[in-house]
Amino acid sequence: MILQTRSEGLILLRPGIERTIATYVAENEIGLEAGGIFIGSYRGPHIEIGSCTTPLPRDVRKPTLFDRSDPGHHAAALEAWKESSGTDTYVGEWHTHPVDDPVPSDLDLRTWRTIMRRVSDPLIFLIAGRRSIWCGRGRGGELAALTVIDAA
Ligand SMILES: [Zn+2]
Numbered sequence: 408m409i410l411q412t413r414s415e416g417l418i419l420l421r422p423g424i425e426r427t428i429a430t431y432v433a434e435n436e437i438g439l440e441a442g443g444i445f446i447g448s449y450r451g452p453h454i455e456i457g458s459c460t461t462p463l464p465r466d467v468r469k470p471t472l473f474d475r476s477d478p479g480h481h482a483a484a485l486e487a488w489k490e491s492s493g494t495d496t497y498v499g500e501w502h503t504h505p506v507d508d509p510v511p512s513d514l515d516l517r518t519w520r521t522i523m524r525r526v527s528d529p530l531i532f533l534i535a536g537r538r539s540i541w542c543g544r545g546r547g548g549e550l551a552a553l554t555v556i557d558a559a
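The sequence shown begins at 408 in the working numbering and counts up by one.
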């Protein structure tokens, strides 16, 4: 999948990521929110997302809350950073909402702003629902919604 904002670079999600996230919006999983982080690389104005983490044992999964509290997510990003000699890194996060067409909650917006204060590079925030996704690119506390330009 390829996404873009009106003025910034492209966001490329490798196909395996969409398949992985899709398993968490299936009927047997969507009753509890799920999530993880995106690991990828910056290529000029573009971001290529190569992999993602999925819920780990110490995360909190509730019907309308996902709290990414397991240290394994951060560890995975650190491992990718080392293995790629510093090109692959944390580039954002994803979680699910138990609705058809998700939009960010107030808590999501507050959480993302906190993350944006710690990371100066642009970040991708994605929410997956049963039917569609909401995806935005955030930087410096500003969030711009992304449009899917190629669903393949
Ligand atoms: Zn949310």
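The beta carbon of each residue, even a glycine, is placed where N, CA and C say it ideally should be.
Taken atom to atom, the span from the alpha-carbon of D557 to that of R421 is near 12 Å. Sorting G447, V506, R544 by C-alpha distance to the C-alpha of E436 places V506 at the top. L514 carries a helical assignment under DSSP once its states are collapsed to helix, strand and coil.
In this model, A482 and R538 are separated by some 31 Å (Cα to Cα). Between E500 and G457, the beta carbon gap of about 15 Å keeps them out of contact (Cβ cut-off 8 Å). Look at which beta carbons fall closer than 6 Å to any heavy atom of ligand 1; those residues are H502, H504, S512, D515, I534. When secondary structure is reduced to three states using DSSP, A483 falls in the helix class. Counted as a single uninterrupted DSSP element, the beta strand (DSSP E) harbouring A535 occupies residues 530-535.
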